[in-house]
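Novice: To convert, take the position in the sequence shown, counting from 1, and add 1; that gives the working numbering.
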Amino acid sequence: MDLGIKGRRALVTGASKGLGRGCAEALAAAGVDLVLNARGAEALEEAAEAIRAAHGVTVATVAADVTTDEGRARVLEAAGGLDILVTNAGGPPPGLWRDWAREDFQRAIEANMLTPILLMQAILPGMCDRGWGRVVNITSTSVKAPLPPLGLSNTARAGLTGYVAGVSRQVASFGVTINNLLPGSHDTDRIKALDMATVEREGIPMEEARKRRMASIPVGRYGTPEEFGAMCAFLCSAHAGYVVGQNVVLDGGAVNATL
Ligand code: NAP
Numbered sequence: 002m003d004l005g006i007k008g009r010r011a012l013v014t015g016a017s018k019g020l021g022r023g024c025a026e027a028l029a030a031a032g033v034d035l036v037l038n039a040r041g042a043e044a045l046e047e048a049a050e051a052i053r054a055a056h057g058v059t060v061a062t063v064a065a066d067v068t069t070d071e072g073r074a075r076v077l078e079a080a081g082g083l084d085i086l087v088t089n090a091g092g093p094p095p096g097l098w099r100d101w102a103r104e105d106f107q108r109a110i111e112a113n114m115l116t117p118i119l120l121m122q123a124i125l126p127g128m129c130d131r132g133w134g135r136v137v138n139i140t141s142t143s144v145k146a147p148l149p150p151l152g153l154s155n156t157a158r159a160g161l162t163g164y165v166a167g168v169s170r171q172v173a174s175f176g177v178t179i180n181n182l183l184p185g186s187h188d189t190d191r192i193k194a195l196d197m198a199t200v201e202r203e204g205i206p207m208e209e210a211r212k213r214r215m216a217s218i219p220v221g222r223y224g225t226p227e228e229f230g231a232m233c234a235f236l237c238s239a240h241a242g243y244v245v246g247q248n249v250v251l252d253g254g255a256v257n258a259t260l
């Protein structure tokens, strides 16, 4: 399917690895020019070079912490006018509810709620003026069904979800759509770190931790950045103009819910 976005410009934050990289690859495959961000310059440059070589699109990079005011300002300056925004950053650490202090909540809220909101606040006006835009926020199934060790994620991402529910309806008449993509368990560094936390907490081998998690997923495996990226590119496509304010779950059926 031609996604109808060849020649558009996208910013993908948290894009050197994992799900952000999957989104960047899929957008590039559709002919979208990219601005990519992550903190580590080396992996970011490697990703950019691989994407240029594979897809022949323009790829600019900004190595910066997008969760800081200074980092976000640098990313936004390099991005300029955009057609597509994919927001992403690392998730909060797992833990026990009784251990979380004010500072832990503040960090999670900065990274996983305020950072995507502030990026949207900066970029949406230009999209509305130009009469077209696509925003996809990478969040988590934790907004549908709470993940007990990830209470910081449950909390911060719920705030982002509420913002999107309201604002997506206010920008839709300008040809701008905002939707969230909710990953379940995808084979990335993040899931390795979460499985390692289970290994340490429960004293079991890594293979056992992976087996247990996979057994909770109807599809029986982890998702891939490629299939995640394909859904992101579709939500950013010319065909998705009627998809507004949705929370699209990509979890192999793990959230056991009728709706
Ligand atoms: P990942 O494999 O660890 O990749 C994270 C990417 O974001 C890397 O490119 C990383 O590069 C970049 N990044 C992290 N913090 C950043 C920051 N402050 N500023 C700029 N870039 C940053 O993680 P992932 O699995 O793709 O997960 C992406 C998001 O989805 C996370 O928020 C995660 O919590 C959420 N999620 C993932 C899963 C899953 O199954 N994988 C499930 C639910 C939710 P640098 O480290 O070099 O900055």
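Ideal Cβ positions, reconstructed from N, Cα and C, are used throughout, including at glycine.
Could you tell me if ALA194 is buried or exposed, where buried requires 16 or more neighbouring beta carbons within 10 angstroms of its beta carbon?
Specialist: Exposed, because fewer than 16 other Cβ atoms sit within 10 Å of the Cβ of ALA194.
Novice: Could you tell me which of ALA61, GLY92, GLU71, TRP98 sits nearest to GLY81, measuring between CA atoms?
Specialist: Checked all of ALA61, GLY92, GLU71, TRP98; the closest Cα to GLY81 is ALA61.
Novice: Compare the C-alpha of ASN257 against each of VAL220, TYR243, ALA241, ALA234 and name the closest.
Specialist: Answer by Cα proximity: VAL220.
Novice: What residues are listed by DSSP as bridge partners for ALA64?
Specialist: DSSP output for ALA64 lists ALA39 as bridge partner(s).
Novice: Which term fits LYS18, buried or exposed, when burial requires 16 or more other beta carbons within 10 angstroms of its beta carbon?
Specialist: Flag for LYS18 reads buried.
Novice: Could you give the DSSP three-state label for ILE139: helix, strand or coil?
Specialist: Correct three-state label for ILE139: strand.
Novice: Compare the beta carbon distance of VAL33 and ALA79 with 7 Å and say whether it is the shorter of the two.
Specialist: No.
Novice: Could you please give the first and the last residue of the uninterrupted alpha helix (DSSP H) stretch that includes ALA90?
Specialist: Premise fails: ALA90 is in no alpha helix (DSSP H) and is neither H nor E.
Novice: May I ask you to check if the CB of THR68 is nearer than 6 Å to at least one heavy atom of the ligand NAP?
Specialist: Yes, the Cβ of THR68 comes within 6 Å of a heavy atom of the ligand NAP.
Novice: Using only the heavy atoms of the ligand ADP, determine whether one of them is closer than 6 Å to the beta carbon of GLY246.
Specialist: In the structure shown, the ligand ADP is absent; the only ligands present are the ligand NAP.
Novice: Is it the case that the CB of THR189 approaches a heavy atom of the ligand NAP more closely than 6 Å?
Specialist: Correct: THR189 has its Cβ closer than 6 Å to the ligand NAP.
Novice: Secondary structure at THR178, three-state DSSP: helix, strand or coil?
Specialist: If DSSP states are grouped into helix, strand and coil, THR178 belongs with the strands.
Novice: So which of VAL67, VAL13, ALA31, GLY21 has the shortest CA-CA distance to PHE235?
Specialist: Checking every option, the nearest Cα to that of PHE235 belongs to ALA31.
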